[in-house]
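Here is the structure we will look at.
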Amino acid sequence: MSNAEISEILNRIAELLEIKGESRYRIYAYQRAAEAIASEPVDARTLMEQGRLENVPGIGKSIAAKITELLKTGHLKYYEDLQAGLPSAIVHLMEVPGIGPKTAMRLYNELGITSVAELEAAARAGRISGLPGYGPKTEENILRDVHNLRLHEERRLLGEVLPVVADMIAALRSVPGIRNIVPAGSIRRMEETVGDIDLVATAGDPAKAVQAFVKLPQVREVLGQGPTKATVVLRNGIQADIRVVPDEAFGSLLQHFTGNKAHNIILREYAKSKGYSISEYGITDLRTGTIKPYADENEVYESLGLQPMPPEIRLGTNEIERAARHDIPRLVTLADIKGDLHVHSDWSDGVASIEDLARGAKAMGYEYIAICDHSASLAIANGLSAERLRKQIDTVRRLNEADPSFRILTGIEANIRGDGTVEVPEELLGEIDVVVASIHSGLSQSSEKITTRLTKAIHQPFVAVIGHPTGRILGHREPSMVDLGAIFAQAAGQRTAMEINGIPDRLDLRDVQARQAMEAGAILSTNSDAHSVDQLSQMLYAVAVARRGWLEARHILNTKPLGELLEWLRARRK
DNA sequence: GCCGTTTTCGGCCCGACTGTTTTCAGTCG
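Just so we're aligned: 55 in numbering that gives the first Met the number 0 is position 56 of the first sequence, and the numbers increase by one with no gaps anywhere.
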């Protein structure tokens with residue numbers, strides 16, 4: 000049973016407890032534990048075997064015992080009893096936005112509604128407004144929300160949402176009276192997927208700014224609107240929120256809407272223990288009752304004696320603790336990146352010429368780029384035979400002679416075969432600068448098999464980078480069962496880099512895995528895996544993953560200047 | 001249910017909007 004599956008069950012338990020009307024603190028404990036196990040890189044079974052389940056913050060004696068029962072028996076009596084005692088219909092009804100446990104319970108008990116379809120029928124028939132406490136407006140909203148639920152798609156990829164956000168912000172910038180309009184929430188944290196778009200802004204007249212927002216041409220429907228905030232659905236189906244405060248509280252507002260829920264709770268608890276209360280309007284001194292707004296976000300943290308920290312790590316893990324010790328490292332930035340070690344040209348399945356890719360990379364300020372087209376057996380991607388690779392190497396050599404100010408490295412994305420050998424034309428080995436080795440088939444193999452394959456590849460002396468190590472595709476393919484703990488230890492020993500692949504639906508390794516690799520002593524490589532010139536910008540996403548994994552420039556191979564990189568490649572081959 | 005250089009018991013973040021209410025509960029982020 001995977002950590003994700005355990006997390007799912009803990010969340011279900013939280014839902015059921017909510018319906019039961021249990022203490023909200025107990026509910027929150029289950030939600031927190033669900034989040035903790037989901038973002039824990041080490042397999043729960045391993046933790047259990049080592050007796051370390053309770054070491055995970057948010058997991059105590061009781062939940063650790065439940066996880067153990069799940070792992071050992073595949074069942075959890077506590078969960079099954081909860082389910083048996085409550086109609087499953089309630090959980091279904093709560094999927095409709097605006098319907099919480101109380102409303103769902105009443106609809107079930109008083110009208111016998113057991114599904115979303117029955118809910119819709121009841122609303123249409125006017126049966127809901129017949130209940131005390133509900134009016135026609137409630138019915139109208141239920142019909143609207145059921146409709147939106149059907150349209151509602153899964154969380155969107157960050158790479159899909161960022162361009163939309165850029166357009167909205169550009170439009171709002173031109174509205175008189177709106178200042179400091181920026182994205183917050185999961186977008187500012189650069190999460191791999193985004194549930195809704197959060198925007199924050201300041202204005203002398205917040206209500207007018209909110210009004211301008213809901214009148215944007217991108218807006219299909221207004222779900223809610225007050226003097227300082229609004230929620231809308233965009234024409235593309237994405238939900239967007241805006242929150243507006245006066246200028247002097249911009250820092251407080253930004254702080255409030257950037258961290259995830261866990262981060263904010265931990266921060267506010269920390270503040271409270273020191274006699275302060277934090278909100279989007281400022282920090283209140285609980286002794287005097289006076290509130291001080293902050294225009295600068297960093298000052299919110301500094302005023303509490305905390306080191307300010309980048310948005311990407313405000314996740315409620317241990318960042319507050321580290322900030323209190325002034326132990327937040329300087330995370331890698333895009334400006335630290337000196338080159339891209341995984342790029343495809345039109346020689347295989349890319350669409351750009353090597354020249355254009357090099358020009359694009361040079362324009363980004365890079366010193367080098369490695370052309371890593373697919374190896375021969377990946378025929379579907381027009382993989383390179385030894386003969387074509389030889390030609391490509393000659394081409395690269397000529398281009399390098401023509402422009403000594405930039406270096407095109409020869410490379411290949413070599414397929415890792417079923418037996419763990421790596422597909423590289425041996426006669427050309429001495430001429431290939433960068434070998435990225437990746438698995439493209441057999442991703443659903445057993446943990447032992449796939450771990451053995453990758454371990455063998457890591458030990459090949461000419462393999463510099465392991466490409467997209469888990470093979471996952473967000474929304475389409477689960478990561479392989481590879482034992483990353485074992486892999487990272489091998490990679491550290493062999494000095495083989497682990498890739499953070501920047502394709503928006505790969506992001507492989509992901510944040511917690513990258514952090515685990517770094518802590519194991521492995522070096523990482525942030526790569527765009529671009530198949531066009533535009534896609535070189537996917538480096539942004541790879542760097543974001545690295546930042547979310549607390550990586551510094553020194554942990555990343557391609558922050559090395561060209562000379563150092565060449566020396567690193569040479570040294571590890573002998 | 002979790003957690004602790006103030007605590008092993010008694011706490012556990014903060015505020016906005018909605019609909020239907022005469023003062024607030026429910027829901028959400």
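All C-beta atoms, glycine included, are put in the ideal place defined by N, C-alpha and C.
Here Ser479 carries a coil assignment [DSSP, helix/strand/coil]. Spatial neighbours of Glu68 in its own chain (CB-CB distance under 6 Å, excluding positions within 5 residues in sequence) are listed in chain order as Leu75. Each of Thr45, Arg406, Ile58 and Ser479 was checked against the Cα of Gly364, and the nearest Cα belongs to Arg406. Looking only at Thr558, Leu85 and Val41, the smallest Cα-Cα distance to Thr332 is reached by Thr558.
Between the stretch 426-441 and the stretch 388-404, the count of C-beta pairs closer than 8 Å reaches three or more; the two stretches touch. With the rule of 3 Cβ pairs closer than 8 Å, the stretch 368-379 counts as touching the stretch 351-358.
In this structure, the alpha-carbon of Ala436 lies about 32 Å from that of Gln49. In this structure, the beta-carbon distance from Leu70 to Ala43 falls below 8 Å. Within a 10 Å sphere around the beta-carbon of Gly184 sit 16 or more other beta-carbons, which makes this residue buried.
Boundaries of the beta strand (DSSP E) harbouring Asn500: Ala496 to Asn500, taken from the DSSP string. For Leu157 against Ile196, the beta-carbon gap comes to about 11 Å, at or over 8 Å, which does not count as contact.
Cβ neighbours of Ser445 within its own chain (closer than 8 Å, five residues either side excluded): Met480. Only buried fits Val423, as 16 or more other CB atoms lie within 10 angstroms of its CB.
Of the candidates Trp346, Gly338, Ser344 and Glu311, the residue whose Cα lies closest to the Cα of Arg329 is Glu311. Closest in alpha carbon position to Glu138, among Arg23, Pro503, Val395 and Leu106, is Leu106. Per DSSP, Ile438 is not a residue of any alpha helix (DSSP H), being assigned neither H nor E. Beta-bridge pairing by DSSP links Thr230 to Gly223 and Asp240.
Looking from the CA of Ala208, the closest CA among Ser173, Met189, Leu539 and Ala124 belongs to Ser173. Here DSSP, grouped into helix, strand and coil, assigns His91 to helix.
Partner residues in the beta bridge of Asn414, as assigned by DSSP, are Ser437. Excluding the 5 residues flanking it on each side, Leu564 has same chain C-beta neighbours closer than 8 Å at Lys337, Gly338, Tyr367, Leu556 and Asn557, in chain order.
Between the alpha carbons of Trp346 and Ile499 lies a gap of roughly 23 Å. Contact check for Val433 and Leu408: beta-carbon distance about 5 Å, within the 8 Å limit, so the pair qualifies. Nearest to Gln254 by alpha-carbon distance, out of Ala206, Ala200 and Val218, is Ala200.
The continuous beta strand (DSSP E) containing Ile370 extends over residues Tyr367 to Ile370. Going by beta carbons, Ile277 and Lys291 fall outside the 8 Å limit. The straight-line gap separating the alpha-carbon atoms of Ile431 and Ile411 is approximately 7 Å. By the neighbour-count criterion, in which a residue is buried when 16 or more other Cβ atoms sit within 10 angstroms of its Cβ, His475 is exposed. Here the C-alpha atom of Glu400 lies approximately 37 Å from the C-alpha atom of Ala516. Here Ala183 carries a coil assignment [DSSP, helix/strand/coil].
Under the DSSP assignment, Tyr293 falls outside any alpha helix (DSSP H); it carries neither an H nor an E label. In this structure, Asn259 is the residue among Gly501, Asn259, Ile449 and Arg553 with its C-alpha nearest to the C-alpha of Leu314.
For Val218, the beta-bridge partners assigned by DSSP are Leu233. Under the DSSP assignment, Val199 falls in the beta strand (DSSP E) whose first and last residues are Ile196 to Ala202. With contacts defined as CB atoms closer than 8 Å, Asp528 and Ile486 fail to qualify as a contacting pair. In the DSSP assignment, the residues bridged to Ile465 are Ala436 and Met497.
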